[in-house]
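Asker: Below is one structure. I have some questions about it.
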Amino acid sequence: CRHLEIISQFAVGYDNIDIAAATDLGIPVGFTPDAMSEATADIAFGLMIAVARNMFFMHKTIIHGQWGYFNPTGHLGIELKQKTLGIFGLGRIGLKMAQRCQNAYDMKILYHNRTRNTKAEKLVDATCVGFDELLAKSDIVSVHCALTPETRHVFDLKAFKKMKPSAVFINTARGPIHHEKDLTQAVKEGLIRGAGLDVTDPEPMAKDNPLLFMENVCVLPHVGSATMEARNQMSILAAMNIIGFYKTGRVSHIVNPGVLGS
């Protein structure tokens, strides 16, 4: 890669890029934060509702001709009003999710971060708690952190066992943050109510994955940023990173600023 002068990632995540190697070679890595925050939060919010009411599975019952007579106790979901939302990674997207849940359902907001987000605490009256407390007290756990060695498989069977049996797990960040076999077991055994995923491990998910056939699981093919508005803004930011580098020697949104000096 000696000829490579800049990398401009068309995404907010950059775990697919060897940042250490790029930094060693003096290559700046740009990315596109903020552009997809609204769109991804919408997906997380939508998945939460879909799991709470078994929407994906109900759609399948119609396809398979299983729409029968009214059953007073059939396929009952849960209401979300005044539930407790636990955000794992309260950054840009996590804050947007928290605002949606608070405004729509008057939810209590808990979060777990490496460092406190005092701005978000004021905006949504969020409370920073330890990981175990987040798991134990949340009705919905929504993942919005980066994939790092510390967060890889942090949601394993041990973590799911600490959650409420009525809890919903949402991941719109990166698939390997949850351990997929453990998640499958947790849902199957009723350790948690269900899960909504926009990310899986691996991607694409195998078409015979058991999660796809569970009543209380909703899976999307990693489309969190898939709106016209978000993709247009991502394109602009990615291009601006390149243009800025060649015009001024600076990159507006950069992962490794040290390569450009002070």
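Each residue of the sequence shown is one higher than the one before, starting from 728 at the first, in my numbering. Glycine included, every Cβ here is placed at the ideal spot set by N, Cα and C. No experiment lies behind these values; they were computed from the predicted model shown.
1) At what residues does the alpha helix (DSSP H) containing Phe784 begin and finish?
2) Identify which residue in Arg729, Pro755 and Leu731 has its Cα closest to the Cα of Gly985.
3) Go ahead and label Val926 buried or exposed: buried means 16 or more other beta carbons lie within 10 angstroms of its beta carbon, across all protein chains shown.
4) In angstroms with no decimal places, state the Cα-to-Cα distance between Asn983 and Thr750.
5) With a 10 Å radius around its C-beta and 16 neighbouring C-beta atoms as the bar for buried, classify Ser952 as buried or exposed.
6) Count the other CB atoms, across all protein chains shown, that sit within 10 Å of the CB of Met775; report buried if there are 16 or more and exposed otherwise.
7) What is the DSSP secondary structure of Ile904, reduced to helix, strand or coil?
8) Going along the chain, which residues of its own chain have a beta-carbon closer than 7 Å to the beta-carbon of Met967, five neighbours each way excluded?
9) Buried or exposed: which applies to Leu918, given that a residue is buried once 16 or more other Cβ atoms fall within 10 Å of its Cβ?
10) What are the boundary residues of the alpha helix (DSSP H) that includes Phe940?
11) Look at the alpha carbon of Met824 and the alpha carbon of Ala768, and state the distance between them as a whole number of angstroms.
12) Measure the CB-CB distance between Ala990 and Gln960 and report whether it falls below 7 Å.
13) Do Phe940 and Cys872 come within 7 Å of each other at the CB atom, strictly closer than that value?
14) Would you check if there are 3 or more beta carbon pairs closer than 8 Å linking the segment 847-864 to the segment 817-837?
15) Pull up the distance between the alpha-carbon of Phe737 and that of Leu924, whole angstroms please.
16) With DSSP run on the structure shown, which of helix, strand or coil describes Phe896?
17) Name the residue from Pro892, Thr759, Leu964 and His949 whose alpha carbon lies nearest to the alpha carbon of Ala900.
18) According to DSSP, is Lys835 part of a helix, a strand, or is it coil?
19) Is it a yes or a no for the segment 902-909 touching the segment 848-867, going by three-plus beta-carbon pairs under 8 Å?
20) Just grab the DSSP bridge partners of Cys855 for me.
21) On the DSSP bridge assignment, give the partners of Ala922 in chain order.
22) Which same chain residues, not among the five before or five after Gly971, have their C-beta less than 7 Å away from its C-beta?
23) I'd like to know whether the C-beta of Arg958 is nearer than 7 Å to at least one C-beta of chain B.
24) Mapping DSSP to helix, strand and coil, what is Ser979?
25) Specify, as a first and last residue, the run of the alpha helix (DSSP H) that Val870 falls within.
26) Can you list, in chain order, the residues of its chain whose CB lies under 7 Å from that of Arg827, leaving out five sequence neighbours each side?
27) Taking all protein chains shown into account, decide if Asn798 is buried (16 or more other Cβ within 10 angstroms of its Cβ) or exposed.
28) Distance, Cα to Cα, Glu806 vs Val778?
Answerer: Based on what the coordinates show:
1) Sequence index remark: in the sequence shown, residue 784 carries index 57 (1-based). Residues Met782 to Ile790.
2) Numbered from 1 along the sequence shown, position 258 holds the residue referred to as residue 985. When only C-alpha atoms are compared, the closest one is Pro755.
3) Numbered from its first residue, the sequence shown carries residue 926 at position 199. So Val926 ends up on the buried side.
4) As a working mapping, residue 983 is identified with position 256 in the sequence shown. As a working mapping, residue 750 is identified with position 23 in the sequence shown. Computed Cα separation, rounded: 7 Å.
5) Residue 952 sits at position 225 when you count from the first residue of the sequence shown. Ser952 is buried by the Cβ-count criterion.
6) What you label residue 775 is simply residue 48 of the sequence shown in a count that begins at 1. Result: buried.
7) As a position in the sequence shown, residue 904 is number 177, starting the count at 1. Three-state DSSP puts Ile904 in a helix.
8) The residue given as residue 967 occupies position 240 in the sequence shown. Correct list, in chain order: Ser979.
9) Numbered from 1 along the sequence shown, position 191 holds the residue referred to as residue 918. Its Cβ being crowded by 16 or more others within 10 Å, Leu918 is buried.
10) Counted from its first residue, the sequence shown places residue 940 at position 213. It is not in any alpha helix (DSSP H) - Phe940 carries neither H nor E in the DSSP assignment.
11) Walking along the sequence shown from the start, residue 824 turns up at place 97. Walking along the sequence shown from the start, residue 768 turns up at place 41. If you take the alpha carbons of Met824 and Ala768, they lie about 5 Å apart.
12) Residue 990 is absent from the structure shown; the chain starts at 728 and stops at 989.
13) Translated into the one-based positions of the sequence shown, residue 872 becomes position 145. Translated into the one-based positions of the sequence shown, residue 940 becomes position 213. No, these two residues do not count as a Cβ contact at 7 Å.
14) yes
15) Against the sequence shown, residue 737 aligns to sequence position 10. Against the sequence shown, residue 924 aligns to sequence position 197. Between Phe737 and Leu924, the C-alpha separation is close to 21 Å.
16) Mapped onto the sequence shown, residue 896 falls at position 169. The answer is strand: DSSP assigns Phe896 an E or B state.
17) The count along the sequence shown starts at 1 and reaches residue 900 at position 173. Among Pro892, Thr759, Leu964 and His949, the Cα nearest to that of Ala900 belongs to His949.
18) Locating residue 835 in the sequence shown gives position 108, counting from the first residue. In the structure shown, Lys835 sits in a strand (DSSP, three-state: E or B).
19) no
20) Counted from its first residue, the sequence shown places residue 855 at position 128. Bridge partners of Cys855: Tyr838.
21) If you number the sequence shown from 1, residue 922 lands on position 195. Beta-bridge pairing links Ala922 to Phe896 and Val944.
22) Residue numbering aside, residue 971 sits at position 244 when the sequence shown is read from its first letter. Excluding positions up to five away in sequence, the list reads Arg977, Val978 and Ser979.
23) Among the protein chains of the structure shown there is no chain B, as only one such chain exists.
24) For the purposes of this step, residue 979 is taken as residue 252 along the sequence shown, with counting starting at 1. In this structure, Ser979 counts as coil in the three-state DSSP scheme.
25) The residue you call residue 870 lines up with position 143 of the sequence shown. Careful: Val870 lies outside any alpha helix (DSSP H), inside the beta strand (DSSP E) at Ile867 to Val870.
26) Your numbering for residue 827 matches position 100 in the sequence shown. Closer than 7 Å at Cβ, skipping near neighbours: Ala768 and Phe772.
27) One-based indexing of the sequence shown puts residue 798 at position 71. Flag for Asn798 reads exposed.
28) Along the sequence shown, read from residue 1 onward, the residue named residue 806 stands at position 79. Along the sequence shown, read from residue 1 onward, the residue named residue 778 stands at position 51. Distance between the alpha carbons of Glu806 and Val778: 11 Å.
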